Amino acid sequence: MIAGVGILLIAAVAGIERGEVTFRPTEAEAKVPERFRLSEAKFGFEIEERRTTPRYSVSAIRFPSPVVTPDPENNTVHAEYFRPTGEGKRAAVVVLHILGADFALSRYFAARLADRGVAALFVKLPYYGERRGNDPSKRFLSSDLDRSVTAMGQGVCDVRRAAAWLASREEIDPRRLGVTGISLGGIVSSIAASVDPTLNRAALLLAGGGLGEVLWEMPEAAKYRALWVASGRTKADLIAMTAPFDPLTYAEGLRGKRILMMAGTVDEVIPPAAATALWEKAGKPPIRWMECGHYSAAGFLLPAMREAVEFFAEGVAR
1 MIAGVGILLI AAVAGIERGE VTFRPTEAEA KVPERFRLSE AKFGFEIEER
51 RTTPRYSVSA IRFPSPVVTP DPENNTVHAE YFRPTGEGKR AAVVVLHILG
101 ADFALSRYFA ARLADRGVAA LFVKLPYYGE RRGNDPSKRF LSSDLDRSVT
151 AMGQGVCDVR RAAAWLASRE EIDPRRLGVT GISLGGIVSS IAASVDPTLN
201 RAALLLAGGG LGEVLWEMPE AAKYRALWVA SGRTKADLIA MTAPFDPLTY
251 AEGLRGKRIL MMAGTVDEVI PPAAATALWE KAGKPPIRWM ECGHYSAAGF
301 LLPAMREAVE FFAEGVAR
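The following block contains the structure:
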């Protein structure tokens, strides 16, 4: 069952269109874990066209996050909408980025989806891009791990609202909504697809479960781990704190959905055991093992993204 959504175009001023979406949860919302549950709400949005190509247009999108944090800049979700040209209802995918941002990679992924007739909404996660404001210390992953796990939950809720925005569009088929991401984006995508009744397909690249273990071992977190230990807290404390935001906590929700996983056989950030754990909990969906590590995966990402694009474009006429 699809959540009830409606869209009202309010005004178009200086190239910026403003509208309003009404989100009406279905009965399925009661099964969504409380921390990710969305209430009936109206939310405004702005859309500003940036460029057009023969196959798609690109517009900047802004709408309020359903989660309010103490940081005002972070409470507006910034996204880029890649809308295929042509008539008819389109499948749509929310595209998420990696921990190191690399927005160009996500834009490339979104553009290739649009090339194949699949609408793509590239969403910037909490504390990235415009959402960071002027304080460089406010990051998704930082020494403030409490803020980091809150950002994880906010990111999932932002994806859910992004899916609701897509479902409200007249050019989108709300029965064909998906989400995809690489690394951090894949982890957030896995949770969003697990808990959101409307997201019925996902491509999870270099993602896995056991978030506390991953954060404890990943090279980028070394300085934060040292601060964590210095504060008197342990690895067990970290695992307990991150459990509510661990893909494994919700992965059974992926069963019965169309899922594609891709993982590295020698991944030093998301170890094969972490990917395998998520794969097993998700019901053993199709998985593609790449002979690479997390950082050496760069040489494998183009063919991996092509495969993911075809996965989402299944049934779309060329």
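Count the sequence shown with the working numbering and you get residues 1 to 318, in order.
Backbone N, C-alpha and C fix where the C-beta goes; we use that ideal spot for every residue, glycine too.
Keep in mind it's a predicted model, so treat the numbers as computed, not measured.
Exercise for the section: May I ask you to verify whether the region 114-132 touches the region 76-85, counting CB pairs closer than 8 Å and requiring at least 3? Expected result: The region 114-132 is in contact with the region 76-85.
Practice task
In the DSSP assignment, find the beta strand (DSSP E) that holds residue 61 and state where it starts and stops.
Solution key: 56-64
Exercise for the section: Measure the alpha-carbon distance for residue 250 versus residue 185 and round it to whole angstroms. Expected result: 16 Å
Exercise for the section: Please go through the same chain and pick out, in chain order, the residues whose beta-carbon is closer than 7 Å to the beta-carbon of residue 225, but skip the five residues on each side of it. Expected result: Result list for residue 225: 216, in chain order.
Practice task
With a 10 Å radius around its C-beta and 16 neighbouring C-beta atoms as the bar for buried, classify residue 120 as buried or exposed.
Solution key: Buried is the call here.
Practice task
Let me know if residue 124 comes out buried or exposed under the rule of 16 or more other beta-carbons within 10 Å of its beta-carbon.
Solution key: buried
Exercise for the section: Report yes if the CB atom of residue 36 is closer than 7 Å to the CB atom of residue 159, and no otherwise. Expected result: It is not a contact, given that the beta carbons lie outside the stated cut-off.
Handout entry: Reduced DSSP secondary structure (H/G/I, E/B, other) of residue 117
Key = coil
Practice task
For the beta strand (DSSP E) holding residue 43, just list the boundary residues, first then last.
Solution key: 41-52
Problem - Beta-carbon spacing of residue 238, residue 212 below 7 Å - result: For residue 238 and residue 212, yes; Cβs fall inside 7 Å.
Exercise for the section: Note the first and the last residue of the continuous alpha helix (DSSP H) segment covering residue 272. Expected result: Going by DSSP, residue 272 is part of the alpha helix (DSSP H) stretching over 272-281.
Practice task
For residue 231, count neighbouring Cβ atoms within 10 angstroms of its own Cβ and tell me buried if that reaches 16, exposed if not.
Solution key: The residue is exposed, with fewer than 16 neighbouring Cβ atoms inside 10 Å.
Problem - Range of the contiguous beta strand (DSSP E) that encloses residue 80 - result: 76-84
Problem - Those runs of the alpha helix (DSSP H) which lie wholly inside the region 116-193 and span at least 4 residues - result: 145-167
Problem - residue 242 in three-state terms, based on DSSP - result: helix
Problem - residue 284 CB to nearest heavy atom of the ligand HEM below 6 Å - result: This structure lacks the ligand HEM; in fact it carries no ligand of any kind.
Problem - Three-state class that DSSP yields for residue 264 in the structure shown - result: strand
Practice task
State buried or exposed for residue 29, treating a residue as buried only when at least 16 other CB atoms are found within 10 Å of its CB.
Solution key: In the assembly as shown, residue 29 is a buried residue. Its beta-carbon has 16 or more other beta-carbons within 10 Å.
Exercise for the section: Reducing DSSP to helix, strand and coil, say where residue 68 ends up. Expected result: coil
Problem - Reference residue 306, options 22, 52 and 116, closest by Cα - result: 116
Problem - Reference residue 293, options 105, 142 and 218, closest by Cα - result: 218
Problem - Contact check, residue 311 vs residue 93, beta carbons under 7 Å - result: no
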